Amino acid sequence: MADGDKNPSENETILMALDQISQTIDVMTSVVGRLRTYVERREAAATSDTTKEPKADLQSDRILH
Numbered sequence: 009m010a011d012g013d014k015n016p017s018e019n020e021t022i023l024m025a026l027d028q029i030s031q032t033i034d035v036m037t038s039v040v041g042r043l044r045t046y047v048e049r050r051e052a053a054a055t056s057d058t059t060k061e062p063k064a065d066l067q068s069d070r071i072l073h
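Numbering (the working numbering), first residue to last: 9 to 73.
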């Protein structure tokens with residue numbers, strides 16, 4: 009009977025672990041999506057900045073106060 013008592017508890021533990029893994033995957037998927045969006049926006053901003061004239065504050069020979 010010890011095996012019969014152990015199996016439901018063991019199955020419950022496994023199911024809880026699988027649920028936690030599923031939740032972790034959902035969170036990680038969300039984070040990856042946000043990071044992807046961030047990088048894409050940065051890339052788009054960098055691309056649009058290269059088409060504009062160079063900014064004066066980026067010149068190394070000028071001192072800004």
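Ideal Cβ placement from N, Cα and C applies to all residues, glycine included. Just so you know, these numbers come straight off a predicted model, no measurement behind them.
For residue j and residue i, the rounded distance between their alpha carbons
i: S30; j: V39; result: 14 Å
i: L43; j: M36; result: 10 Å
i: G41; j: E18; result: 35 Å
i: E20; j: Q28; result: 12 Å
i: S56; j: Y46; result: 15 Å
i: L26; j: T32; result: 10 Å
The ligand GTP heavy atom lying under 7 Å from the CB of residue i
i: A53; result: For the ligand GTP, the structure offers nothing, since it holds no ligand at all.
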